[in-house]
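Input: a single structure, listed below in structure tokens.
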Amino acid sequence: AITGSKTFTPTNLHGNGPATRMRIQLNNSNSFPLTNVAFTDNFPTQLELAATPNVSNSCGGAVTAVGGGFSLALSGGTIPASGNCVIQADVVARLPNTSPNDGNATNSIAANNVTSAQGARNTAAISRTIRVQKAASVTKAFSPAGIVAGGSSTLTITLRNFNATAISGFNFTDTMPAGITVVGPATT
231 AITGSKTFTP TNLHGNGPAT RMRIQLNNSN SFPLTNVAFT DNFPTQLELA
281 ATPNVSNSCG GAVTAVGGGF SLALSGGTIP ASGNCVIQAD VVARLPNTSP
331 NDGNATNSIA ANNVTSAQGA RNTAAISRTI RVQKAASVTK AFSPAGIVAG
381 GSSTLTITLR NFNATAISGF NFTDTMPAGI TVVGPATT
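The numbering of the sequence shown is my numbering, which starts it at 231 and goes up by one.
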């Protein structure tokens, strides 16, 4: 049988942000190579290949990965005896300015979709979930993180917009922990 794994680096994908690197590893536990290996990986609705997919392929054969496309395919590949091969490509959020704003997307190569000339197949799906964030985010950090009595720390609040259009007219309130007071004016 063929086994495999899939990873995304980073594990969060932001609309209109940088691509994430998808890595598909195919494993062969047989003492002979598997040839003419083929599969098609159809992406979930939240993902597409980056405009320049930056494909790398140690499986040989031909990888079909069209920038902006919704799938990646291998044909004529080889998985070495008792070994593995890897295909990598960059993916981005599809329709980054539309709903759903935020959620998980599971990308799977279905069971029995990876085939070989020797009849070996993947008996289990090769899947990974990635977080697709299309809205905005707010992060907060104190520097230094610890404060002694009478000491001070700088609070930084970062608002990030992952959409192609500006967000305007928003407000937020940040309630300080007990014993913490603001002593200086806020800056932007």
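Just so you know, even glycine gets a beta-carbon here, dropped at the ideal spot from N, CA and C.
Environment of residue i [buried if 16+ CB atoms lie within 10 Å]
i, result
"L304", "buried"
"R324", "buried"
"A295", "buried"
"K236", "buried"
"I309", "buried"
"I232", "buried"
"V368", "exposed"
"N401", "exposed"
"A341", "exposed"
"T250", "buried"
"P415", "exposed"
"L283", "The question names Leu, but residue 283 is Pro in the sequence shown. Buried, by the Cβ-count rule."
Straight-line gap, residue i to residue j (C-alpha atoms, nearest Å)
i, j, result
"T388", "I339", "37 Å"
"N257", "E278", "25 Å"
"A350", "K364", "39 Å"
"M252", "T275", "16 Å"
"R361", "G381", "38 Å"
"S373", "T411", "15 Å"
"T336", "S286", "22 Å"
"T359", "T403", "33 Å"
"G247", "V322", "8 Å"
"F262", "G313", "9 Å"
"V378", "G409", "11 Å"
"S259", "A281", "35 Å"
"T384", "A319", "40 Å"
"K370", "G306", "50 Å"
"G399", "V413", "26 Å"
"T239", "T345", "26 Å"
"N334", "N242", "9 Å"
"S329", "I397", "Summary for S329: the model assigns pLDDT 49, below 50, so the residue's position carries little reliability, and this model does not support an answer."
Residue(s) in a DSSP beta bridge with residue i
i, result
"L256", "G234 and C315"
"T345", "A268"
"N284", "DSSP lists no partner for N284."
"I339", "I356"
"F372", "L385"
"A379", "Answer is none; A379 lacks a bridge partner."
"L277", "A323"
"V239", "The question names Val, yet the displayed sequence has Thr at residue 239. Beta-bridge pairing links T239 to R251."
"V293", "L304"
"R390", "S367"
"I309", "L264"
Original post:
Is the segment 265-274 in contact with the segment 298-318, if contact means three or more CB pairs nearer than 8 Å?
Top reply: yes
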